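*Asks:* I have a structure I would like to understand better, so I am pasting it below and will then ask my questions one at a time.
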Amino acid sequence: MKIRSFPRPATATRLCAALTLSFGLAAGASADVTVGVILSTTGPATSLGQPAENTVKLWPDSIAGQKLKVIMLNDASDPTEASRQAAKLINEEKVDVIVGSSVTPPSIAIVEVAGNLATPVIALGGGNAIIEPQEGARTWAFKMAAPEAISVQRALEHMAAHGVKKAGAIAVSTSYGNGFLNAFTEQAKDHGIEISGVERYGAQDLSVTAQILRLVAAKPDAIYILSFGTPAFLPQAELVKRGYQGKIYQTHGVANADFLRVGGKDVEGTFLAVAPVLVAEQLPEDDPTKKAGVDYVTQYEGKYGAGTRSLFGSTAWTALNWLQATVPVALKEAEPGTPEFRSALRDALENMKEVVSPEGVFNMSKENHNGIDSRGQVVVEIKDGKWKLAQ
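Residue numbers (mature numbering (1 follows the signal peptide of the UniProt record, and there is no 0)): -31 to -1, 1 to 360.
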């Protein structure tokens, strides 16, 4: 493995380490498939970026007989930094594809740069704003997280089945929170659930006391926290502090071991709709994602320890699965390192059919650059500090 340092950003908040992982024996640059990976390994989305970084380090040294070269950067959870890095990877490093970022705002920033420079993006962020509407730069973007509509549908189905009649929501003020809030407000009535109140807060806020007091005053049967990573714990901690006795739901934005560690007893009994990898071993034998999920978890936890699995690590493994499915197709059209190869790779991603990963089963089309269906979401409960497939 070669390690190459890049110049540090001018400010400490944008400090990033850059690793060039050059796998395999030395080969000519033209023979390498070059992948730029931009992750949020510091900042508010750290708990999402770090397991993805760990997973990338487990990637193989080649795809379809071509050496795999990976250049990994940290955007510090900052869209401006993500945009700068995307331009650097494309203009200076001549990457064939960019994987990242960890959350929605920097993912959108990457797409704006990469799409306008005709470079495909496999986004790990969750918001549908990354790929919708399918026009302009977004025609070069693909994302794997289940759409907010599917995830919220699963959560609402669970609420309705467990007697929830009134539910409040608190959403982080980002495109991620906006997407989930829109889906929640659109679907709640169809499931017989009244929305008792909606509050907002910033990802950097230190208190949500006023918002939680207003939500709890309406006496909802459940409160849905529409946030990600460490910021998602703030409303939950406040609910526990105030003695809230109703059900608490989170989104897949908290599906990592850090949330369990930081939350401790305060997150016991929380429900969330999430990709099946989180409970891979608990899935029925006929679940199409079970084998892929168990295989990934075995490798990841074998390297990093029992219980370290994370949805956000598995997204990076799904990115690899996509590349394994599409690079061989693109190689039939052009050599890596060329505009023709990047275009062929984009087309191959758009035409993926029944590609199975720990996240779900993907069928892309010109109109749909996510391609996941209901097989990509299950409801889990946090029980005894672990993820349990919910009943």
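Even for Gly, the Cβ is constructed at its ideal location relative to N, Cα and C.
Note that the coordinates shown come from a computational prediction; the quantities given were computed from them, not determined experimentally.
Whose CA, out of T49, P29, K36, G34, lies closest to the CA of S9?
*Replies:* Taking only the C-alpha atoms, the option nearest S9 is T49.
*Asks:* On the DSSP bridge list, what partners appear for G137?
*Replies:* G166, I192, per the DSSP bridge assignment.
*Asks:* Compare the beta carbon distance of A172 and P13 with 9 Å and say whether it is the shorter of the two.
*Replies:* A contact, by the Cβ cut-off of 9 Å.
*Asks:* Would you kindly report the start and end of the unbroken beta strand (DSSP E) that includes I7?
*Replies:* Counting along the chain, the beta strand (DSSP E) containing I7 begins and ends at 2 to 8.
*Asks:* Just curious, the alpha helix (DSSP H) that V349 is in, first and last residue?
*Replies:* Here V349 belongs to no alpha helix (DSSP H); instead the beta strand (DSSP E) covers 347 to 352.
*Asks:* Taking DSSP as the reference, what is the three-state secondary structure of V263?
*Replies:* It is helical.
*Asks:* Please state the DSSP three-state secondary structure of I99.
*Replies:* Residue state, collapsed to three classes: helix.
*Asks:* Considering only their Cβ atoms, is the gap separating F149 from T220 smaller than 9 Å?
*Replies:* For T220 and F149, yes; Cβs fall inside 9 Å.
*Asks:* Whole angstroms are fine: how far does the CA of V296 sit from the CA of Q35?
*Replies:* If you take the alpha carbons of Q35 and V296, they lie about 9 Å apart.
*Asks:* Can you tell me where the alpha helix (DSSP H) with N23 in it begins and where it stops?
*Replies:* Per DSSP, N23 belongs to the alpha helix (DSSP H) from 15 to 25.
*Asks:* A110 lies in the beta strand (DSSP E); which residues open and close that run?
*Replies:* A110 -> beta strand (DSSP E) spans 110 to 112.
*Asks:* Smallest Cα separation from V66: which of S52, L175, A83?
*Replies:* The option with the nearest alpha carbon to V66 is A83.
*Asks:* From V90 to H131, what distance separates their C-alpha atoms?
*Replies:* Near 39 Å, if we compare the C-alpha coordinates of H131 and V90.
*Asks:* Alpha carbon to alpha carbon, what distance is there between A45 and T(-21)?
*Replies:* Because the pLDDT of T(-21) is 38, which lies under 50, any placement of that residue in the model is unreliable, and the question is left without a value.
*Asks:* Applying the 10 Å Cβ sphere with the 16-neighbour rule, what's the burial state of G198?
*Replies:* Answer is buried; the Cβ neighbour count reaches 16.
*Asks:* Three Cβ pairs or more, each shorter than 8 Å: is that satisfied between the segment 304 to 319 and the segment 68 to 81?
*Replies:* As far as the Cβ criterion goes, the segment 304 to 319 does not touch the segment 68 to 81, which means the pair count is below three.
*Asks:* Need the endpoints of the beta strand (DSSP E) that V90 sits in, please.
*Replies:* Segment 90 to 92, the beta strand (DSSP E) holding V90.
*Asks:* To the nearest angstrom, how far is the alpha carbon of R211 from that of V248?
*Replies:* Between R211 and V248, the C-alpha separation is close to 31 Å.
*Asks:* Which residues bound the beta strand (DSSP E) around V39?
*Replies:* Segment 35 to 43, the beta strand (DSSP E) holding V39.
*Asks:* Is it buried or exposed for P29, if we count other Cβ within 10 angstroms and need 16 for buried?
*Replies:* Exposed.
*Asks:* Taking all protein chains shown into account, decide if Q214 is buried (16 or more other Cβ within 10 angstroms of its Cβ) or exposed.
*Replies:* With fewer than 16 Cβ atoms within 10 Å of its Cβ, Q214 is classed as exposed.
*Asks:* Q219 bridges to which residues according to DSSP?
*Replies:* DSSP, once it has assigned bridges, lists L241 as partnering Q219.
*Asks:* In angstroms with no decimal places, state the Cα-to-Cα distance between D156 and P204.
*Replies:* According to the sequence as given, residue 156 is Gln; it is not Asp. Taking the straight line joining both Cα atoms gives about 23 Å.
*Asks:* With H, G and I counted as helix, E and B as strand and the rest as coil, what does DSSP make of L289?
*Replies:* Looking at L289 - three-state DSSP - the assignment turns out to be helix.
*Asks:* Rounded to whole angstroms, what's the CA-CA distance from F228 to F202? Just pull it up for me.
*Replies:* Cα to Cα, the separation comes out at about 7 Å.
*Asks:* Check whether the segment 310 to 324 and the segment 283 to 301 touch, using three or more Cβ-Cβ pairs below 8 Å as the test.
*Replies:* The answer is yes - the segment 283 to 301 touches the segment 310 to 324, with three or more Cβ pairs under 8 Å.
*Asks:* Buried or exposed, going by whether 16 or more other CB atoms sit within 10 Å of the CB of P102?
*Replies:* By the neighbour-count rule (16 or more Cβ atoms within 10 Å), P102 is not buried but exposed.
*Asks:* Counting along the chain, where does the alpha helix (DSSP H) carrying I119 start and finish?
*Replies:* Per DSSP, I119 belongs to the alpha helix (DSSP H) from 117 to 130.
*Asks:* Excluding five sequence neighbours on each side, which residues of the same chain lie with their C-beta closer than 6 Å to the C-beta of V324?
*Replies:* Hits under 6 Å: A294, F331.
*Asks:* Between S279 and G262, is the Cβ-Cβ spacing less than 9 Å?
*Replies:* Their beta carbons are not under 9 Å apart, which means S279 does not touch G262 by this criterion.
*Asks:* Helix or strand or just coil, what does DSSP make of V64?
*Replies:* DSSP places V64 in coil when its eight states are reduced to three.
*Asks:* Anyone know if the C-beta pair for F281 and G18 falls short of 9 Å?
*Replies:* Going by C-beta atoms, F281 is nearer than 9 Å to G18.
*Asks:* I'd like the list of long-range same chain contacts for Y273, defined as Cβ closer than 7 Å, with 5 residues on each side in sequence excluded.
*Replies:* Closer than 7 Å at Cβ, skipping near neighbours: N23.
*Asks:* Helix, strand or coil for K322? Go by DSSP, reduced to three states.
*Replies:* Note: K322 maps to coil in three-state DSSP.
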